[in-house]
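Right, one structure below, let's go through it.
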Amino acid sequence: MATLVVTIVALGAIGWFAYLVGSGSRRDRKDPVPANLSASQTDDELETKRLDRTLVGAVVTAGFLTLAMPIYYLGELDRQEGFVEEFGDASLERGHEVWEEFGCGGCHGTAGGGGVAAFLEDRSQVTVSGWASPALDDVFYRYDRDEIAFWIVYGRANTPMPPWGLEGGGPLNSQQVDDLLNYIQSIQIDQTQALLKVDGLVTGAGNRLEGAADAVASQIEEQQKELDRIRTSGETSQVVGAIAEQAREILDLAGQGIDTDGDGLSDVAESGLSAVARQARSAGFLATEPVFDPRNAETLIGVSDRRSAARMVADLESTATSLSITFQNQETLLTQARFGLDFLGSAARSARWEVDTAAVAHAAFGGGEEAAIRAVGMFNAYCARCHTAGYSAGPAFQQIQASGGLGPSLRDGRALTQFLTAEDMYDFLEGGSDSGVGYGVNGVGSGRMPGFGMVLTAEDLELIVRYLRGPTLDGVEFVEGEAGGGGEG
Ligand code: HEC
Ligand code: HEC
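Position in the sequence shown counted from 1, then plus 976, gives you our numbering.
Dropping the structure here:
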């Protein structure tokens, strides 16, 4: 609309200017008498026709302006909104690019629904493949914008989450962090969906508790395999190296001889490569066993045999190289792997992940085991990653329930001394902490304790409060028959 008005006015101005220039030059040619010396119109003419014309012109111009000004003004509002929207869209787009480029989705899930990361666990030197990365599609319900910015800029030390902002030593400037925040805000699920997640997460936490011993046992098995891989790396690197060399030779000569399927690999080469593949696969040096049919140019549908062959040879060569590097560092790696194995062994024996839900039920829930299981599950699903050290890395690395991590220990009656009443504590859990603002009896917030009022129901929050204020967490070993001893104090 605004553009239309501007165009009309501009065209009018150009037309008027052209008329002036045109009439000026016409007069030069045809009418040598200057305007002030030629006879003008009579008074009669001036006061009737000419006056009328001028007045009509003035009214039309005034009318045009009266209409054009508000129309232009209305358009201007739209135009400014349009700019804001355009800038917003551009920021979202840039934010999405940053998200993709720096692989946020690789750990937090493509759509921000949560995921896992691989990380070398510090105390054990064990590489953990399933370090839990929290969902970001509901993070705005738990933190305000500045608090989220803090995590992005500074990361979280001793976890896979690196610092991303320049101030934290990362690559992103504040504009990029801002764009990223806009993008993350745009992928927030709605609140009902956030609440729907709860049951799944609590069930998941329960299953994790039940499967913990098995999970640690299989981790020990993996570590044992890793130890064997390092121990035998000298011989195996030579064996793979020889197989890789043989495969490379076949591939180099594959252009000669009869080639029935015309795929660039002779029939003899194809059967030779199949034999090599079988040998490598049975020795465990290939994840899959490629087959090469001399009468089919694409034995694996969609991939030419020549390509499959080249890939297999490259895989074998890189396995050989990595094994020989392992062999060169054998001593250090062996020490490290043995340390990890011992760590896992002692974790399996001490089973720190265990929670006696029967005791919790008895102590805090008047015997209600269902409520106790739910409370423990809630804690593990929503709180343990900050209040139980090692929780995110898996059961083998986990310390005793609620014994403290990034956030303080909540054991030994801490919840009772910090919050004199259950209501105070509930309010704190509902809103979380604010940077520099006091809470409880002697707490000072850092903004890092999330608020759960928007993602958990009041019922669930009350369960957690009861659990944390119950005697099973107050440091006194629970003894059958002592129920109700601690509690609200
Ligand atoms: C290598 C994996 C990895 C990558 C890549 C990664 N993160 Fe994280 N991030 C994590 C982990 C793990 C945590 C939680 C640490 C913990 O609690 O143990 C986390 C925590 C966070 C948090 C705090 C959320 C909360 O609820 O505590 C935010 C926000 C965050 N990441 C944003 C990002 C953004 C934005 C990117 C991309 C620029 C990104 N992360 C890239 C692994 C990763
Ligand atoms: C992202 C990490 C994080 C998560 C998740 C988290 N907390 Fe916290 N929590 C903290 C931090 C950090 C503090 C210390 C206060 C601060 O720095 O703002 C804290 C403080 C507390 C306190 C006060 C302790 C004291 O003695 O001062 C309680 C109680 C608490 N959290 C309970 C919970 C509960 C219950 C949950 C789960 C529903 C939870 N927290 C989830 C990080 C977390």
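The beta carbon of each residue, even a glycine, is placed where N, CA and C say it ideally should be.
Give the DSSP bridge partners of residue 1333, in chain order. Here residue 1333 refers to the residue found at position 357 of the sequence shown. The partner list for residue 1333 (beta bridge, DSSP) is empty, contrary to what the question assumes.
Run the CB neighbour count on residue 1190, radius 10 Å, all protein chains shown included, and call it buried at 16 or more, exposed below. By 1-based counting over the sequence shown, the position of residue 1190 is 214. Answer is exposed; the Cβ neighbour count stays below 16.
In the structure shown, what three-state DSSP assignment does residue 1148 receive? Reading the sequence shown from its first residue, position 172 is the one you call residue 1148. Three-state result, residue 1148: strand.
Rounded C-alpha distance that separates residue 1075 from residue 1252: Start at 1 with the first residue of the sequence shown, and residue 1075 comes out as number 99. Start at 1 with the first residue of the sequence shown, and residue 1252 comes out as number 276. One C-alpha to the other measures close to 42 Å.
N-terminal and C-terminal residue of the beta strand (DSSP E) that residue 1103 is part of: In the sequence shown, the residue the question calls residue 1103 occupies position 127. 1103–1109 is the extent of the beta strand (DSSP E) around residue 1103.
Would the beta-carbon of residue 1416 be found less than 7 Å away from any heavy atom of ligand 2? As a working mapping, residue 1416 is identified with position 440 in the sequence shown. Under cutoff, so the answer is yes.
Neighbourhood of residue 1240 by C-beta distance below 6 Å, restricted to the same chain and skipping five residues each side: Walking along the sequence shown from the start, residue 1240 turns up at place 264. Contacts found: 1282.
By the DSSP assignment, the beta strand (DSSP E) with residue 1092 in it spans what residues? By one-based count along the sequence shown, residue 1092 stands at place 116. Its beta strand (DSSP E) spans residues 1091–1096.
Measuring only the C-alpha atoms, how far is residue 1409 from residue 1194? Taking the sequence shown and counting its residues from 1, the one referred to as residue 1409 is at position 433. Taking the sequence shown and counting its residues from 1, the one referred to as residue 1194 is at position 218. Residue 1194 has its alpha-carbon roughly 39 Å from the corresponding atom of residue 1409.
CA nearest to the CA of residue 1342, picked from 1442, 1170, 1270, 1014: Reading the sequence shown from its first residue, position 366 is the one you call residue 1342. Residue nearest to residue 1342 within the set 1442, 1170, 1270, 1014 is 1442 (criterion: CA-CA distance).
List the residues that DSSP assigns as beta-bridge partners of residue 1037. Counted from its first residue, the sequence shown places residue 1037 at position 61. For residue 1037, which the question treats as bridged, DSSP gives no partner whatsoever.
Going by CA-CA distance only, name the one from 1124, 1163, 1177, 1021 that's closest to residue 1436. In the sequence shown, counting from the first residue as 1, residue 1436 sits at position 460. That would be 1177, whose Cα lies nearest to the Cα of residue 1436.
Counting along the chain, where does the alpha helix (DSSP H) carrying residue 1140 start and finish? For the purposes of this step, residue 1140 is taken as the residue at position 164 of the sequence shown. Unbroken run through residue 1140: none, as it is neither H nor E.
Is the segment 1112–1124 in contact with the segment 1375–1392, if contact means three or more CB pairs nearer than 8 Å? With the cut-off at 8 Å, the segment 1112–1124 and the segment 1375–1392 do not touch.
Any beta carbon of chain C sitting closer than 8 Å to that of residue 1189? In the structure shown, chain C cannot be found, because there is only a single protein chain.
DSSP has residue 1364 in a bridge; who is on the other side? Residue numbering aside, residue 1364 sits at position 388 when the sequence shown is read from its first letter. DSSP output for residue 1364 lists 1380 as bridge partner(s).
Does the Cβ-Cβ distance between residue 1196 and residue 1366 come in under 8 Å? Along the sequence shown, one-based indexing puts residue 1196 at 220. Along the sequence shown, one-based indexing puts residue 1366 at 390. No, the Cβ-Cβ distance between residue 1196 and residue 1366 is not below 8 Å.
Does at least one heavy atom of ligand 1 sit under 7 Å from the Cβ of residue 1425? In the sequence shown, the residue the question calls residue 1425 occupies position 449. No.
Selection from 1088, 1209, 1094, 1043 that minimises the alpha carbon distance to residue 1304: Here the question's residue 1304 lines up with position 328 in the sequence shown. Among 1088, 1209, 1094, 1043, the Cα nearest to that of residue 1304 is on 1209.
Helix, strand or coil: how does DSSP classify residue 994 here? Position 18 of the sequence shown, counted from the start, is the residue given in the question as residue 994. The answer is helix: DSSP assigns residue 994 an H, G or I state.
Go ahead and label residue 1327 buried or exposed: buried means 16 or more other beta carbons lie within 10 angstroms of its beta carbon, across all protein chains shown. Residue numbering aside, residue 1327 sits at position 351 when the sequence shown is read from its first letter. Of the other Cβ atoms in all chains shown, fewer than 16 fall within 10 Å of the Cβ of residue 1327; this residue is therefore exposed.
Which of helix, strand or coil DSSP assigns to residue 1358: Indexing the sequence shown from 1 puts residue 1358 at position 382. Here residue 1358 sits in helix by DSSP.
Taking all protein chains shown into account, decide if residue 1333 is buried (16 or more other Cβ within 10 angstroms of its Cβ) or exposed. To locate residue 1333, count along the sequence shown from 1; it is residue 357. Buried, because 16 or more other Cβ atoms sit within 10 Å of the Cβ of residue 1333.
Can residue 1083 and residue 1093 be called in contact, C-beta distance under 8 Å? Residue 1083 sits at position 107 when you count from the first residue of the sequence shown. Residue 1093 sits at position 117 when you count from the first residue of the sequence shown. Their beta carbons are under 8 Å apart, which means residue 1083 touches residue 1093 by this criterion.
Check whether the segment 1126–1133 touches the segment 1032–1045, counting contact only when three or more Cβ pairs, one atom from each stretch, lie closer than 8 Å. Contact fails: fewer than three Cβ-Cβ distances are below 8 Å.
For the segment 1161–1180 and the segment 1420–1429, state whether three or more C-beta atom pairs, one from each stretch, are separated by less than 8 Å. The segment 1161–1180, when compared against the segment 1420–1429, does not touch it at the 8 Å Cβ threshold.
According to DSSP, which residues form a beta bridge with residue 1157? The residue you call residue 1157 lines up with position 181 of the sequence shown. According to DSSP, residue 1157 shares a beta bridge with no other residue.
Give the secondary structure of residue 1130 by DSSP, where H, G and I count as helix, E and B as strand, and everything else as coil. Numbered from 1 along the sequence shown, position 154 holds the residue referred to as residue 1130. If DSSP states are grouped into helix, strand and coil, residue 1130 belongs with the helices.
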